[in-house]
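> Quick note, the sequence shown lines up with residues 1 to 104 if you use my numbering. For every residue, glycine included, the Cβ atom is placed at its ideal position computed from N, Cα and C. These figures come from a predicted structure and were not determined experimentally.
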Amino acid sequence: MPEVTVCRLDELPEVGAQEFTVEGTRVAVVRIAADVYAVGAECTHQSVPLAEGEIDPDTCHIECWKHGSSFSLLTGHPDALPATRSVAVYPARVDAGAVVVTVP
1 MPEVTVCRLD ELPEVGAQEF TVEGTRVAVV RIAADVYAVG AECTHQSVPL AEGEIDPDTC
61 HIECWKHGSS FSLLTGHPDA LPATRSVAVY PARVDAGAVV VTVP
């Protein structure tokens with residue numbers, strides 16, 4: 001599986017998300033302080049970009065701005081309707097200040 005450096009950690013907001021295309025896969029990379037997460041870029045309900053949604057740092061969730069579905073950044077599982085399908089979760093880490101994402 002390819003590991004790709006997508007940006008530097010300091011290029012992401014302290015708590016926020018940005019969308020990247022990694023080896024042809026659209027990924028929402030989320031930063032919560034020193035931690036990073038990577039999930040599929042679109043809400044499974046209506047293909048709305050998740051990187052534009054709100055991040056809940058206390059529960060490690062990202063919320064779709066359009067209809068309010070919320071997805072775990074750890075498992076990808078939705079915990080609020082209308083979404084019923086999970087988003088993909090990809091390994092992400094910080095290496096020497098760079099954000100590295102692994103996609104299949």
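Using CA atoms only, rank isn't needed, just tell me which of Pro49, Pro82, Glu14 and Met1 is closest to Phe20.
It is Pro49.
> Once DSSP output is grouped into helix, strand and coil, what is the label at Glu3?
DSSP places Glu3 in strand when its eight states are reduced to three.
> Between the alpha carbons of Phe71 and His61, how many angstroms are there, rounded?
Roughly 5 angstroms between the two C-alpha positions.
> So, Val15 versus Pro57, is the Cβ gap smaller than 8 angstroms?
Yes, the Cβ-Cβ distance between Val15 and Pro57 is below 8 angstroms.
> Alpha carbon to alpha carbon, how far is Glu11 from Thr84? Give it in angstroms, no decimals.
Roughly 32 angstroms separates the two Cα atoms.
> Could you tell me how far apart the beta carbons of Val39 and Leu81 are, in whole angstroms, since I believe they sit closer than 8 angstroms?
No, Val39 and Leu81 are not in contact; Cβ-Cβ is about 18 angstroms, not under 8 angstroms.
> Among Ile32, Val99, Met1 and Ile55, which has the Cα closest to the Cα of Gly24?
It is Met1 whose Cα lies nearest to the Cα of Gly24.
> Which of the three DSSP states, helix, strand or coil, is assigned to Glu14?
Coil at Glu14, not helix or strand.
> Taking only three categories from DSSP, how would you classify Glu23?
Three-state result, Glu23: coil.
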